[in-house]
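Asker:
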Amino acid sequence: MEVYRIGRREHDSTMRGDPNKNSRIGKLDPDKPSLNSWLSTARQPDPLFSSEDPGLSPIARELLTAPHAATVRVLRECTAAMAFQGSRDQFEQGEPSSSRSIAKYSPLEMVPEVDSDQDESPLEVLPLNNFGPKRRRRRTTTRVQRSRLRSLCSFWKCRHLYCHIHPYSRRAMTCRFVKRPFWGVVIVLGLLKLASIFWSGLVYLFPDDLDARLDAWVFPAGRPSIFSHWTTHGVVPVRCHSHNDYWRDVPLHSALSAGCIGVEADVWSSDNDLLVGHTPFTLHHEVTLRSLYLNPLLDLLQKHNTRSSQLEPAHLPGSFRAGVFSSDPSQTLVLLIDFKEQPEATWSMVMEQLQPLRDGDYLTYFNSTDIITRPITVVATGDAPFDRITSNQTYRDIFYDAPLDQLALLPPSTGQPDQPDPETEPTYSYKNSYYASVDFRKTIGSLSRNRFSQGQLELVRKQVEAAHARGLKVRYWGTPSWPRGLRNHVWHVLVREGVDLINVDDLREATRQDWRKHRSWIF
1 MEVYRIGRRE HDSTMRGDPN KNSRIGKLDP DKPSLNSWLS TARQPDPLFS SEDPGLSPIA
61 RELLTAPHAA TVRVLRECTA AMAFQGSRDQ FEQGEPSSSR SIAKYSPLEM VPEVDSDQDE
121 SPLEVLPLNN FGPKRRRRRT TTRVQRSRLR SLCSFWKCRH LYCHIHPYSR RAMTCRFVKR
181 PFWGVVIVLG LLKLASIFWS GLVYLFPDDL DARLDAWVFP AGRPSIFSHW TTHGVVPVRC
241 HSHNDYWRDV PLHSALSAGC IGVEADVWSS DNDLLVGHTP FTLHHEVTLR SLYLNPLLDL
301 LQKHNTRSSQ LEPAHLPGSF RAGVFSSDPS QTLVLLIDFK EQPEATWSMV MEQLQPLRDG
361 DYLTYFNSTD IITRPITVVA TGDAPFDRIT SNQTYRDIFY DAPLDQLALL PPSTGQPDQP
421 DPETEPTYSY KNSYYASVDF RKTIGSLSRN RFSQGQLELV RKQVEAAHAR GLKVRYWGTP
481 SWPRGLRNHV WHVLVREGVD LINVDDLREA TRQDWRKHRS WIF
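Residues 1 to 523 in full-length UniProt numbering are what the sequence shown spells out, letter by letter.
1) Using C-beta distances below 8 Å, list every residue in its chain close to Asp208, excluding the 5 sequence neighbours before and after it, in chain order.
2) Per DSSP, what kind of secondary structure is Glu264 in: helix, strand or coil?
3) Give every residue of the same chain whose Cβ lies closer than 6 Å to the Cβ of Gln355, excluding the five residues on either side of it in the sequence, and list them in chain order.
4) Within the 7 Å Cβ cut-off, does Arg470 reach chain D?
5) With DSSP collapsed to three states, give me the class of Glu113.
6) Pull up the CB-CB distance for Leu507 and Ser270, whole angstroms please, since I reckon it's below 8 Å.
7) Which of the three DSSP states is assigned to His492 in this structure?
8) So His164 is in the beta strand (DSSP E); what residue range does that whole segment cover?
9) Is the distance from the Cβ of His233 to the Cβ of Ser326 below 7 Å?
10) Starting from Lys473, trace the beta strand (DSSP E) in both directions and tell me its first and last residue.
11) Report the CB separation of Ala345 from Leu407 in whole angstroms; it is logged as a contact under 8 Å.
12) Checking 7 Å against the spacing of the C-beta atoms, do Arg475 and Ser437 come in under that value?
13) Got a sec? Which residues, its chain only, sit under 6 Å from His285 by beta carbon, not counting five neighbours each side?
14) Would you kindly work out how many angstroms separate the C-alpha atoms of Pro251 and Leu447, rounded to a whole number?
15) Tell me which same chain residues have a C-beta within less than 8 Å of the C-beta of Gln353, skipping the five on either side of it?
16) Could you tell me if Lys442 is buried or exposed, where buried requires 16 or more neighbouring beta carbons within 10 angstroms of its beta carbon?
17) By the three-class DSSP mapping on this structure, what secondary structure does Thr381 have?
18) Buried or exposed for Pro280, please, with buried defined as at least 16 other CB atoms from any protein chain shown within 10 angstroms of its CB.
19) When the Cα of Gln302 is compared with those of Met173, Arg484, Pro375 and Leu501, which residue comes out closest?
20) Measuring straight from C-alpha to C-alpha, what distance separates Phe320 and Thr332?
21) Quick one: what's got a C-beta closer than 6 Å to His304's C-beta in the same chain, skipping five residues either side?
22) Between which two residues does the beta strand (DSSP E) containing Leu457 stretch?
23) According to DSSP, which residues form a beta bridge with Leu335?
24) Using CA coordinates, which residue listed in Trp491, Asp401, Arg451 and Leu472 is at the minimum distance from Phe339?
25) Considering just the uninterrupted stretch of the alpha helix (DSSP H) at Ile389, what are its terminal residues?
26) Which word fits residue 527, buried or exposed, when buried means at least 16 other C-beta atoms lie within 10 angstroms of its C-beta?
27) How would you write the range of the beta strand (DSSP E) that Arg239 sits in, first residue to last?
28) Starting from Asp359, trace the alpha helix (DSSP H) in both directions and tell me its first and last residue.
29) Please identify the residue among Tyr395, Leu457 and Asp387 whose C-alpha is closest to the C-alpha of Thr427.
30) With a floor of 3 residues, list each beta strand (DSSP E) that falls wholly inside the stretch 265-299, ordered by position along the chain.
31) Confirm, please, whether the CB-CB distance from Leu298 to Leu357 is below 7 Å.
32) Tell me which residues share the same chain as Asn244 and place their Cβ nearer than 8 Å to its Cβ, disregarding the 5 neighbours each side in the sequence.
33) Please state the DSSP three-state secondary structure of Leu486.
34) Name the DSSP beta bridge partners of Ala402, please?
35) Are the CB atoms of Thr511 and Val238 nearer to each other than 7 Å?
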């Protein structure tokens, strides 16, 4: 057996891989004194207590010169020797060691002048895994890696050792009631988002039957036609106003198919024509007020008011005219024209282009005493000249969109609550105005905690009462559009408080239920 020394510790080069060896512990160096002889020398009685006595043993002399350091070293080496002897006896008898490690020792020798602070113990601890096959270590490593992977994937279980030891501590309770619910909510929201994306993809790939039918009525240039074969059979009118209706895939037709009784068009004067668009950069010479609204409405009304047989009475001037909805022919359709610039020039062109509808007696008008309702009611808003509307005292077929926040009532102590203020009555009334509108965000403000405050409800009721006292229709624009539950809640409250039309962008959601009935905030 080849033995070599490293410092004061020994390593057996033939310890591993030699099956003929009956011991895993290297043998002691035969040239050095044995352990028993060294201990017997240390136990020799010494009647003299002088370190200079030539007959004194080395260990006794060291005890006398440096008692503290020598005592510590002797006790340490004796303890190591006893542990070595016990482990060796158990191994030779075939009994497994109670410890999970095997100690390997070098022969004990006296080293003079050794610093007491250094570790001079000959004990070297080697793990049992060093002597076993490498396959066992690989299995253990794989098991640990799998355990770590399971702990990382299982976010629901707390990986803090402190939380397992103290299950009712503040940290454990935080992990249990804050961390776990938080990640649960994140997962649920993520699944809902994925479901929403999946549903949007299905809707995009498989359009409904309505879109398929509407795609057939387009010009080669891509603009919608005047629906020569369109019918509103089965459509129930709904008190909604199609905001920026020209943004629809099929302007006017989409609103009529949904049942909205109001549509909106932003007009710009250009080259003796009225272009429709939200900004000057979105204007096109083919997208005009005539092509999108006036001509389609005229064609539809002419078809609805044509005699189908000789038994049907002829339509005389001043007689009843059927509107655009076959289920309710008396319902008028409001065409809201937003003047964007050049009010005088725009006013002249609007009056000129409305002449075909005026000749067919399809426009609602004021005859100096009463309002005569017809299938189409034209309302001007934006920069429309109010003085041009009120200039003719005997006939008006264009009405104004009055500012709702400027209307007021007499106090109850000075007059009847349903009578308007004499100072403001000539300005805005049913004789010159049809709508009374205002921006919801600027007038009512944001909703704290997604609910109307008592002050906001009182303001809405006051404005609705002032408009109805003048015979005007109340409309709020700029209402919240998201989240969906908040939008539906606002619509319900406004309709409940007496608002006549709700300003909508989502036609399908606005017309699928009766907003006079209260629904859940979520739905």
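Backbone N, C-alpha and C define an ideal beta-carbon position, used for all residues, glycine too.
Answerer: To lay it out plainly:
1) Translated into the one-based positions of the sequence shown, residue 208 becomes position 208. For Asp208, the predicted model reports a pLDDT of 47, less than 50, meaning its position is unreliable and no value from the coordinates is stated.
2) Taking the sequence shown and counting its residues from 1, the one referred to as residue 264 is at position 264. The answer is strand: DSSP assigns Glu264 an E or B state.
3) Reading the sequence shown from its first residue, position 355 is the one you call residue 355. So no residue of the chain qualifies.
4) Absent here is chain D; the protein component of the structure consists of one chain.
5) Numbered from its first residue, the sequence shown carries residue 113 at position 113. Bear in mind that a pLDDT of 47 at Glu113, under 50, signals an unreliable position, so the model cannot answer this.
6) Locating residue 507 in the sequence shown gives position 507, counting from the first residue. Locating residue 270 in the sequence shown gives position 270, counting from the first residue. Leu507 to Ser270, Cβ: 29 Å. No contact.
7) On the sequence shown, residue 492 is found 492 positions in, with the first residue counted as 1. Note: His492 maps to helix in three-state DSSP.
8) Residue numbering aside, residue 164 sits at position 164 when the sequence shown is read from its first letter. Run containing His164: none in the beta strand (DSSP E); it sits in the alpha helix (DSSP H), Leu161 to Ile165.
9) Locating residue 233 in the sequence shown gives position 233, counting from the first residue. Locating residue 326 in the sequence shown gives position 326, counting from the first residue. Contact: yes.
10) Translated into the one-based positions of the sequence shown, residue 473 becomes position 473. Segment Lys473 to Trp477, the beta strand (DSSP E) holding Lys473.
11) Walking along the sequence shown from the start, residue 345 turns up at place 345. Walking along the sequence shown from the start, residue 407 turns up at place 407. Actually they do not touch by this definition, with Cβ atoms about 30 Å apart.
12) Indexing the sequence shown from 1 puts residue 475 at position 475. Indexing the sequence shown from 1 puts residue 437 at position 437. Contact: yes.
13) Sequence index remark: in the sequence shown, residue 285 carries index 285 (1-based). Excluding sequence neighbours, His285 sits near nothing in its chain.
14) Within the sequence shown, residue 251 is the residue found at index 251, counting from 1. Within the sequence shown, residue 447 is the residue found at index 447, counting from 1. The alpha-carbon atoms of Pro251 and Leu447 are separated by roughly 32 Å.
15) The count along the sequence shown starts at 1 and reaches residue 353 at position 353. Correct list, in chain order: Leu274, Leu289, Arg290 and Leu294.
16) Position 442 of the sequence shown, counted from the start, is the residue given in the question as residue 442. It counts as exposed.
17) Position 381 of the sequence shown, counted from the first residue, corresponds to residue 381. DSSP places Thr381 in strand when its eight states are reduced to three.
18) The count along the sequence shown starts at 1 and reaches residue 280 at position 280. Burial call: exposed.
19) Residue 302 sits at position 302 when you count from the first residue of the sequence shown. Ranking Met173, Arg484, Pro375 and Leu501 by Cα distance to Gln302 puts Pro375 first.
20) Position 320 of the sequence shown, counted from the start, is the residue given in the question as residue 320. Position 332 of the sequence shown, counted from the start, is the residue given in the question as residue 332. Rounded to the nearest angstrom, the two C-alpha atoms are 12 Å apart.
21) On the sequence shown, position 304 is the one that residue 304 refers to. If we look at His304 and ignore the five residues flanking it on each side, its Cβ neighbours are Ala322.
22) On the sequence shown, residue 457 is found 457 positions in, with the first residue counted as 1. Premise fails: Leu457 lies in the alpha helix (DSSP H), Gln454 to Ala469, not in any beta strand (DSSP E).
23) In the sequence shown, the residue the question calls residue 335 occupies position 335. DSSP output for Leu335 lists Val263 and Val378 as bridge partner(s).
24) What you label residue 339 is simply residue 339 of the sequence shown in a count that begins at 1. Ranking Trp491, Asp401, Arg451 and Leu472 by Cα distance to Phe339 puts Asp401 first.
25) If you number the sequence shown from 1, residue 389 lands on position 389. Ile389 -> alpha helix (DSSP H) spans Phe386 to Thr390.
26) The question about residue 527 has no answer here: the residues shown for the chain are numbered 1 through 523.
27) On the sequence shown, position 239 is the one that residue 239 refers to. Looking at the DSSP string, the run of the beta strand (DSSP E) that includes Arg239 is Val238 to Ser242.
28) Here residue 359 refers to the residue found at position 359 when the sequence shown is read from its first residue. Note, Asp359: alpha helix (DSSP H), Gln355 to Asp359.
29) Position 427 of the sequence shown, counting from 1, holds the residue named residue 427. The candidate whose alpha carbon is nearest that of Thr427 is Asp387.
30) 273-276
31) Locating residue 357 in the sequence shown gives position 357, counting from the first residue. Locating residue 298 in the sequence shown gives position 298, counting from the first residue. Contact: yes.
32) On the sequence shown, residue 244 is found 244 positions in, with the first residue counted as 1. Correct list, in chain order: Glu264, Asp266, His278 and Asp505.
33) As a first step, residue 486 must be located in the sequence shown, where it is residue number 486. Note: Leu486 maps to helix in three-state DSSP.
34) Numbered from 1 along the sequence shown, position 402 holds the residue referred to as residue 402. Partner(s): Ala436.
35) Within the sequence shown, numbered from 1, the residue matching residue 511 stands at position 511. Within the sequence shown, numbered from 1, the residue matching residue 238 stands at position 238. Yes, these two residues count as a Cβ contact at 7 Å.
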